Amino acid sequence: MAATDPTPDLRPVYRTDLDGLRGVAIALVACFHIWFGKVSGGVDVFLTLSGYFFIGSLLRHAIASADPVASFRDTLNPWPRLSRLLRRLLPALVTVLIGVAILTVTMLPQTRWVNVGREIIASALYYQNYYLAWNSQDYLAASSANSPLQHLWSMSMQGQFFVSAMLCGLVLAALLKLLGTVLRAFTRPAVIRAVFGVVVALVAAASFTYATIQQGINQPYNYYDTLARLWEPLVGGLLAIWMPRVRVPSSLRSFVTVGALALIVSCGWWLDGVAEYPGPMAWIPVGATLLIIASGGGPGTLPSANRMLASRQGVWLGNLAYALYLIHWPLLIFYLSYVESDDASIVAGTCILAVSLGLAWLTKRYIEDPLRGGQRSPLTTRYWPGHPRIRYAAVLTVLLVLGAACVGTGVKLWERHMSTVAVDTTELDPHLYPGARAWADVPVPALDPQPTPLAAEFDLAPTTADGVMADFTDLDFHVGVYGDPTATRTLAVAGGSHAEMWVPALDIIGKRNGFKVTTYLKMGCPLTLEETPTRSDGTPYPECAQWVRTVLDELERIRPDAVFTNSTRPNPDGRADYVPPGYLEVFDELTAAGLPVVGVRDTPWPHRDDGQPITTPGCLAAGGDAQSCGSNRAYSLAPHDPIADYARGNPLMFSIDLSDSVCDDTFCPAVVGNIIVYKDYDHLGATYVRSLSSALSQLLAQELPWTGPPFGPFD
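For the sequence shown, the positions run 1 to 715 when the UniProt record's numbering is used.
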């Protein structure tokens, strides 16, 4: 809808061209998701239109409430609007969530059930955007490993906007009504419009400022944050407030619409939406949407370009936009999972779009419309004479509620089951489960691997249970003590999770050979002196720089006998591994202070030949095996340890490379010696690390004789 009459309290003329604009937006969203792996401006169009419609309706409510006949109760009562929102949004959403739950159980490995289940709940309760923000899940190209509900972040954001705007709008309307009993000026539509305009403009400006600042601090979180996105629907609301006073010259109206459409259609190609939205560059799709709304307003007929948007096909697609948005992404993700691919071909993508359109039409006609109080379903006329819409709606509501209850109960039961899963492989018979010992040609009986794929994610180093790893925001170090706590010799393990994963083996070696293992660990924070460290998702990580400085100062103060840390990591610019310059600065500082450093080469991060990462437990749970879930060694590892040359020139730097205990000359299997190698995408499981104790002991003893004589594989 759009306000085309300067009298603000009249219902505006219905704008079918804006339905067509919705059709353009959903076409962009779906096509970019399926084929191009980029973010279009379609979601920003939806947000702007939502604000235009919703803020406009709240303004009309406030103007109508100024009438002395209207009661305060009616002015403040949120239920009429809330019930319409629920009927509009929930039926299709619940239907899709039930379908996703069924397909998840039938098509995805059990290792993914918990996360998808949590996202079902997050989507149903409209906080999916923050769930993704908290988990730093990038919104980029689809892949078989993506969540089938990842796209619902925008639905959650809009739901939060609708409810908060409704409550604030109703309170503002009531305050204006109260002021109107004292000063008649506050009953005038122009004054009410001005007050709404000032309030909305202030909140929009604050949101835009916040989004701009946060873009340089934590963009992955900023992308999903409602506070950062709020300005987009609010500027649409501002246009609704002042629409009667906005006029585009008749001679320019079609030109403006065509130019704005060109911006909306093309911006996904030349803008990196994931990196730029909802910052200043989001004004391009948002501003273009405002121009199209404004150019179609005013007296007279729609300009020719807007009439093109209002075509029967455009309006039809626009009316299906909500259901199509909900449906197309899950279908894409389940298809990619089924074919074990991260790309959809032209033919496959076209079929996904066609099926999505068909399901969207069925959802709208037989679920959305009957429950919204719109058109009758043909089924009701045939099977429920009398009051068919009411009876059909009642039955459908009951079915959806029951289905949602079953899904919610199933999610909670599965989460409870997973919460009881524990890994205790400390007493595994090494002759039955040799793990890394199998590289020494020891016999390997035919047994199912341990831990099970479903439990592998819980195969953790003891430091996790002991709570001695600092989280992302913690600037303090928390010292864990392992090995022989009474020993006089100390090996300090420092860095992030890739240093932590070696603690199970070092604990065993320290106990047997009489030295203490102390830990200085922080999530996602290797020992590096780079000025602007980042997390794995590219987010700036200033807390890491502060923490590393504190830990280095502490190590130089207490002077352990050696420092154990990572010496390499995957090359961000291509295959193989390398030594980051920030690591070398740490090694220079510690060795200059007279502290020996043991640099352990990072293990391969499994990838398929096409470069897509492999999450080992999930791959195995889906029916894969040691070979199909393994990876090419050359993809992750350089031919020689990249730190070796530096170590040869620094007498206090010792390099340790355990790559041959994870891979053979060319391949890195997912299961070795009946033990699953990785607990997730890039971390060795504690069970496999313990099986590496002998190999690690031999290498340590070569460099640091005080770590004791090496022991055999079955000692």
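Even glycine gets a Cβ: it sits at the ideal position worked out from N, Cα and C. This structure is a prediction, so every number in the text was calculated from the model and none was measured.
PRO91 sits in a helix when the DSSP states are folded into three classes. Two segments are said to touch when three or more pairs of C-beta atoms, one from each, lie closer than 8 angstroms; by this definition the region 641-649 does not touch the region 451-468. The three-state secondary structure of ALA205, taken from DSSP, is helix. The continuous beta strand (DSSP E) containing ALA492 extends over residues 490-495. Setting aside the 5 residues that flank it on each side, LEU271 is surrounded in the same chain by MET281, ILE284, each with a C-beta closer than 7 angstroms to its C-beta; the list follows chain order.
At a Cβ-Cβ threshold of 9 angstroms, VAL96 and PRO451 do not count as neighbours. For ASN566, the enclosing beta strand (DSSP E) stretches over residues 562-566. At the C-beta level, VAL597 and THR565 come within 9 angstroms of one another.
When the five nearest sequence neighbours on each side are left out, the beta carbons in the same chain lying within less than 6 angstroms of the beta carbon of ALA344 are those of ILE34, in order along the chain. Distances from the CA of ALA436 to each of PHE334, CYS31, ILE675, GLY37 were compared; the closest alpha carbon is that of ILE675.
Counting along the chain, the unbroken beta strand (DSSP E) around LEU521 starts and ends at 516-522. Check the Cα spacing between ARG569 and each of GLY594, PRO642, SER628: the tightest is with PRO642. In summary, PRO709 is exposed, with fewer than 16 beta-carbon neighbours lying within 10 Å of its beta-carbon over all protein chains present.
A Cβ-Cβ distance of about 19 angstroms is found for the pair ILE55 and ALA211, leaving them out of contact under the 8 angstroms criterion. In the DSSP secondary-structure assignment, MET243 is not bridged to any residue.
The alpha-carbon separation between LEU432 and LEU447 amounts to approximately 8 angstroms. Taken in chain order, the whole beta strand (DSSP E) runs of length 3 or more contained in the region 390-475 number zero.
Collapsing the DSSP output to three states places HIS640 in coil.
Using a C-beta cut-off of 8 angstroms, the region 690-704 makes no contact with the region 578-588, since fewer than three inter-stretch Cβ pairs fall below that distance. Shown here for ALA440: same chain residues with a beta carbon closer than 7 angstroms to its own, the five before and five after excluded, namely PRO713 in chain order.
Collapsing the DSSP output to three states places TYR366 in a helix. Taking the Cα of LEU167 as reference, the smallest distance to any Cα among TYR223, PRO80, VAL256, LEU359 is reached at PRO80. As for any beta strand (DSSP E) of minimum length 3 sitting wholly inside the region 560-638, the runs are 562-566, 597-600, ordered along the chain. For VAL407, same chain residues with a beta-carbon under 8 angstroms away, outside a window of 5 residues either side, are LEU97, ILE98, ALA101, ILE120 in chain order. According to the DSSP assignment, TYR126 belongs to no alpha helix (DSSP H), since it is labelled neither H nor E. One thing to note: CYS629 has its Cβ within 9 angstroms of the Cβ of ALA670. At a Cβ-Cβ threshold of 9 angstroms, GLU530 and PRO572 do not count as neighbours. Judged by DSSP secondary structure, PHE334 falls within the alpha helix (DSSP H) whose first and last residues are 321-339. In terms of Cα proximity to CYS525, the closest of TRP547, THR16, ASN146 is TRP547.
Residue pairing by DSSP puts PHE667 in a beta bridge opposite ASN632. GLY483 sits in a strand when the DSSP states are folded into three classes. DSSP, reduced to helix, strand and coil, places THR106 within a helical segment of the structure shown. By the Cβ rule, the region 257-264 does not count as touching the region 203-210, because fewer than three pairs are nearer than 8 angstroms.
The criterion of a C-beta distance shorter than 9 angstroms is not satisfied by GLY117 and VAL442.
For the set VAL45, MET243, TYR126, GLY180, the Cα lying nearest the Cα of VAL13 is the one of MET243. Under the three-state reduction of DSSP output, PHE654 falls in the strand class.
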